[in-house]
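Here the protein sequences come in this chain order: A and B. Note that this note's numbering has the first sequence beginning at 20, numbered continuously upward. Note that this note's numbering has the second sequence beginning at 23, numbered continuously upward.
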Amino acid sequence: MNLMKFKKIYFLISLTFLIPGLISLLLFGLKPAIDFTGGSLLELHFLNSDNANLKENNFEDTLAQFYEASVVQKSGENKILIKGKEIDNQAKDELLVNLNESYGQLEVLRFETVGPILGAELLKKTLVAIFLVASIITFYVWKQFDELKYGVCAVLAMLHDSFILIGAFSLLGHFFNVEVDVLFVTALLTTLSFSIHDTIVVYDRIRELKRKNPRSNLEATANVAVLETLSRSINNSMTIIIMLLSLAVLGGDTIRWFVIALLIGAITGTYSSTFTAVPLLLVVNKKKIN
Amino acid sequence: MKQKSLAKQLFLIFFLTIIAGFIALPDQFANFKKPKIDFYFWGKHIYKDYQLRKGLDIQGGMQVVLEAEMNEIAEEDKATALEASREIIAKRVDLYGISEASIQTSKANEQNRLIIELPGISDPTQALELVGKTALLEFKLQKKLTQDEIIEATRSPQIWLDSFIDTGLTGKQLKRSQAQLDPQTSKPIISLEMNEEGRDLFADITKQNVDEVLAIFIDGMPIMTPVISTPILDGKAVINGDFDIEEAKNLAIQLNAGALPVNIKVLEQKTIGASLGDESIQKSVRAGLIGLALVLLFMILYYGWLGFVASISLVIYAILTIALYKVLGVVLTLPGIAGLILTIGMAVDSNILIFERMKEELRVGHPYARAMELGFGRAWDSIKDANLASIFTALVLINPLNFSFLNTSGMVKGFGLTFLIGTLLSLFTGVIVSRLLLRAFLPVFTKFRKKDEELRS
Numbered sequence: 020m021n022l023m024k025f026k027k028i029y030f031l032i033s034l035t036f037l038i039p040g041l042i043s044l045l046l047f048g049l050k051p052a053i054d055f056t057g058g059s060l061l062e063l064h065f066l067n068s069d070n071a072n073l074k075e076n077n078f079e080d081t082l083a084q085f086y087e088a089s090v091v092q093k094s095g096e097n098k099i100l101i102k103g104k105e106i107d108n109q110a111k112d113e114l115l116v117n118l119n120e121s122y123g124q125l126e127v128l129r130f131e132t133v134g135p136i137l138g139a140e141l142l143k144k145t146l147v148a149i150f151l152v153a154s155i156i157t158f159y160v161w162k163q164f165d166e167l168k169y170g171v172c173a174v175l176a177m178l179h180d181s182f183i184l185i186g187a188f189s190l191l192g193h194f195f196n197v198e199v200d201v202l203f204v205t206a207l208l209t210t211l212s213f214s215i216h217d218t219i220v221v222y223d224r225i226r227e228l229k230r231k232n233p234r235s236n237l238e239a240t241a242n243v244a245v246l247e248t249l250s251r252s253i254n255n256s257m258t259i260i261i262m263l264l265s266l267a268v269l270g271g272d273t274i275r276w277f278v279i280a281l282l283i284g285a286i287t288g289t290y291s292s293t294f295t296a297v298p299l300l301l302v303v304n305k306k307k308i309n
Numbered sequence: 023m024k025q026k027s028l029a030k031q032l033f034l035i036f037f038l039t040i041i042a043g044f045i046a047l048p049d050q051f052a053n054f055k056k057p058k059i060d061f062y063f064w065g066k067h068i069y070k071d072y073q074l075r076k077g078l079d080i081q082g083g084m085q086v087v088l089e090a091e092m093n094e095i096a097e098e099d100k101a102t103a104l105e106a107s108r109e110i111i112a113k114r115v116d117l118y119g120i121s122e123a124s125i126q127t128s129k130a131n132e133q134n135r136l137i138i139e140l141p142g143i144s145d146p147t148q149a150l151e152l153v154g155k156t157a158l159l160e161f162k163l164q165k166k167l168t169q170d171e172i173i174e175a176t177r178s179p180q181i182w183l184d185s186f187i188d189t190g191l192t193g194k195q196l197k198r199s200q201a202q203l204d205p206q207t208s209k210p211i212i213s214l215e216m217n218e219e220g221r222d223l224f225a226d227i228t229k230q231n232v233d234e235v236l237a238i239f240i241d242g243m244p245i246m247t248p249v250i251s252t253p254i255l256d257g258k259a260v261i262n263g264d265f266d267i268e269e270a271k272n273l274a275i276q277l278n279a280g281a282l283p284v285n286i287k288v289l290e291q292k293t294i295g296a297s298l299g300d301e302s303i304q305k306s307v308r309a310g311l312i313g314l315a316l317v318l319l320f321m322i323l324y325y326g327w328l329g330f331v332a333s334i335s336l337v338i339y340a341i342l343t344i345a346l347y348k349v350l351g352v353v354l355t356l357p358g359i360a361g362l363i364l365t366i367g368m369a370v371d372s373n374i375l376i377f378e379r380m381k382e383e384l385r386v387g388h389p390y391a392r393a394m395e396l397g398f399g400r401a402w403d404s405i406k407d408a409n410l411a412s413i414f415t416a417l418v419l420i421n422p423l424n425f426s427f428l429n430t431s432g433m434v435k436g437f438g439l440t441f442l443i444g445t446l447l448s449l450f451t452g453v454i455v456s457r458l459l460l461r462a463f464l465p466v467f468t469k470f471r472k473k474d475e476e477l478r479s
């Protein structure tokens, strides 16, 4: 079976997943969380369970009298998440007193305030971290395989995965108000390592086969390598996907989107190793010979 | 000979797992209560109580990032001032009874910061008052006490405290303080230097009260009660006493906290109620256990006996991980738990790589034992290369050297740390433990294989 014959199909599959995300990214961008923009977040639990007002969306009107919120959403049974401009403790306490009058006893589940300086700083740190990881990995793959083209293709596959993940969160942000926070960045960095993890296994096999049969051409060698590593690649992602899926379905709300980001990363990382990194290597190789 | 060393190694791993299992076990499980490690061994008291350390997002609490504004402080004193305010906040938090609080200083973009974590605190207003106020340093003279008063003062601390009277000399008039060694006696001393305003006041006080106690108070509590031995006219005093260099340094730091006023501004605060964490951790643990069971099932269904061996090493992996968290004192956050669960999924990767390799070697026609050894040997290169990339990423996330250009968030670090521990441990269980187990199970495998072949032919 020659899997590498269908290079165009693989690239087409990649593009169908990449393009909607990229368009969304250009049109709508990402929804940054207060981690990046600065602001306040308040999650409240109303202990008085038969609050008719709470259910009838009157809450937003009541809240608007005291606080200018940009997001008000239900985060569970009798739980409400409020996000908006930065407020300090005193202002928050006043708000709580006012809400207490209308809705009875309430409990603060979470209160976060991030100043604008830290938000801007986090953005910078994020970019540095991504750049650092990407360059360490390129350098490592390049040294390990003695040829720059391996490093370049591995990084292209890594970019492919990153943009699928970022694009997916742009769509999720536009349609479901999912925000991009510091944990999303963590998931993105982990995706880089997933992506490279599998790519190295396939490249490793290509290198080994090349040593065994130095005269066989790269396309044939790559095909054998992919066939030999495919079941391992799929099985390994299966176990990772099982773990992440059970956490996404059964785990708590706080880290759900983080886990989903990891899940998307794991899936695209597995796909890209075999169906992006290897075909790219062949394309780059052909270009050189011509 | 080889059999013997195999048995020995197997025993070692078995023993390690038992100990780790004991450590990993929760203190109370249904009706069973775990005994404490608390016994005497050759006259030495051995007591160990390992607990999983829960991060703020799980047990609830507050994290504040404060900016220390030090516009009025000279450049060379800024580091001292920051350290002094760290100490003073640590002391207050301690007095307030918050255990396991963490207070770190950091410097970013020419800004000096304090990052404070207060577990169990649910009232941010109160907590900020506690950490945010400037230390009040006062010099107070002790008035002469009558015999009766002395007797009473030994009974009631309040009466003793009331015997000190204000002198008007405060931290505002103190320029700086330093711990030094006395050049003559080479004993530790604490030097004080008053500013211009303080010099005259200090001279007056010391002139009029030789042989009296001039106590130093911080936040209303005395930290030192030195006696004035001679009048000091130039504003430069030394305090000597029965302290070692560490104590002297510590006292000097506290004095500086009063001398170098640092204004505190809140940059970021996060308060998390305990109920949110409780709920999340229960859900995460359940998700992890169900996921683990599914992975074990998958491995056994797909790889049969080999999968069974991989499952044993995966369970050993899970036990060792929890034990290691407890021993190393890893602070477990919710993203950290996600990291743990993720690495359980990744831990079988080395096994899968090896088994696929073995299958290939078997297909080529190698006998079982040989195929196994070859599979391990050949898969090792890929395993090593692939895991190195994960280790790099984990290190960038953890940022162990605390570079200011990288992340310093506790949640990200928590994830990075469990990710790193998981990757390293899975190399151990996936390669070394699995290999030993497979060697041990080899006779059983070959028997089954033979039966298989007989049935087929």
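For each residue, glycine too, the CB sits at the ideal point set by N, CA and C.
Judging by CA-CA distance, which residue of the options is the nearest neighbour of residue i?
i: Ser208 of chain B; options: B:Arg379, B:Asp264, B:Ala237, B:Thr293; result: B:Asp264
i: Ala393 of chain B; options: B:Leu384, B:Pro244, B:Leu191; result: B:Leu384
i: Val370 of chain B; options: B:Val353, B:Val418, B:Arg400, B:Leu328; result: B:Leu328
i: Leu458 of chain B; options: B:Thr102, B:Ala332, B:Ile374, B:Met380; result: B:Ala332
i: Asp241 of chain B; options: B:Gly154, B:Phe398, B:Thr293, B:Asn217; result: B:Gly154
i: Gly295 of chain B; options: B:Ser144, B:Ala345, B:Leu183; result: B:Ser144
i: Ser404 of chain B; options: A:Thr248, A:Tyr29, A:Phe85; result: A:Thr248
i: Ser107 of chain B; options: B:Leu354, B:Ile275, B:Asp71; result: B:Ile275
i: Met84 of chain B; options: B:Ile338, B:Ala96, B:Ile125; result: B:Ile125
What does DSSP give as the partner residues of residue i in its beta bridges?
i: Arg230 of chain A; result: Answer is none; Arg230 of chain A lacks a bridge partner.
i: Lys194 of chain B; result: Per DSSP, none; premise fails for Lys194 of chain B.
i: Phe186 of chain B; result: B:Gln164
i: Met243 of chain B; result: B:Ile240
i: Ala201 of chain B; result: B:Ile212
i: Ile137 of chain B; result: B:Val87, B:Gln126
i: Phe8 of chain A; result: Residue 8 of chain A lies beyond the residue range present for chain A, which begins at 20 and ends at 309; the question has no answer from this structure.
i: Gly58 of chain A; result: A:Val133
i: Ile172 of chain B; result: Partner(s): none; Ile172 of chain B has no beta bridge.
i: Lys76 of chain B; result: B:Leu354
i: Glu290 of chain B; result: A:Val133, B:Val87
i: Ala259 of chain B; result: B:Leu214
i: Gln92 of chain A; result: A:Leu100
In or out: residue i buried (at least 16 other Cβ within 10 Å) or exposed?
i: Val268 of chain A; result: exposed
i: Lys229 of chain B; result: exposed
i: Glu89 of chain B; result: buried
i: Ser178 of chain B; result: exposed
i: Gln180 of chain B; result: exposed
i: Leu263 of chain A; result: buried
i: Gln304 of chain B; result: exposed
i: Phe78 of chain A; result: buried
i: Trp64 of chain B; result: exposed
i: Asn119 of chain A; result: exposed
i: Met23 of chain B; result: Model confidence at Met23 of chain B stands at a pLDDT of 45, short of 50, so the residue's coordinates are unreliable and nothing is read from them.
i: Thr132 of chain A; result: buried
i: Asn236 of chain A; result: exposed
i: Leu299 of chain A; result: buried
Which chain B residues sit within Cβ distance under 7 angstroms of residue i?
i: Asn108 of chain A; result: Pro146, Thr147, Leu150
i: Asn242 of chain A; result: Ordered by position in chain B, no residue passes the 7 angstroms Cβ test against Asn242 of chain A, which lies about 16 angstroms from the chain.
i: Ser250 of chain A; result: Glu378
Taking residue i as the query, report the chain B residues whose CB atoms sit under 8 angstroms from its CB, ordered along the chain.
i: Val201 of chain A; result: Asn429, Ser431, Met433, Val434
i: Ala148 of chain A; result: Val418, Leu419, Leu428, Asn429
In chain A, what lies closer than 7 angstroms to residue i by C-beta?
i: Val455 of chain B; result: The contacting residues do not exist; Val455 of chain B stays about 17 angstroms from chain A at best.
i: Thr415 of chain B; result: Val152, Leu208, Thr209, Leu211, Ser212
i: Glu290 of chain B; result: Thr132, Val133, Gly134, Leu137
i: Ala408 of chain B; result: His216, Ile219, Val220
i: Met368 of chain B; result: Ile259
Which bits of chain B does residue i rub up against, with CB to CB less than 9 angstroms?
i: Met177 of chain A; result: Per Cβ cutoff of 9 angstroms: no residues; Met177 of chain A is ~10 angstroms from chain B at best.
**Report entry** 3-residue-minimum beta strand (DSSP E) runs that sit fully inside the region 102-135 of chain A, ordered along the chain
**Finding:** For the beta strand (DSSP E) assignment, the uninterrupted runs of no fewer than 3 residues enclosed by the region 102-135 of chain A are, from N- to C-terminal side, 125-133.
Query raised in the report: Taking any Cβ of chain E, which residues in the region 310-333 of chain B have a Cβ under 8 angstroms from it, in chain order?
Result: Given the protein chain composition of this structure (A and B), no chain E is represented.
Report task. Kindly provide the ranges of any alpha helix (DSSP H) runs that are 4 or more residues long and lie completely inside the region 157-216 of chain A, ordered along the chain. Result -> Segments of the alpha helix (DSSP H) lying fully in the region 157-216 of chain A: 167-195.
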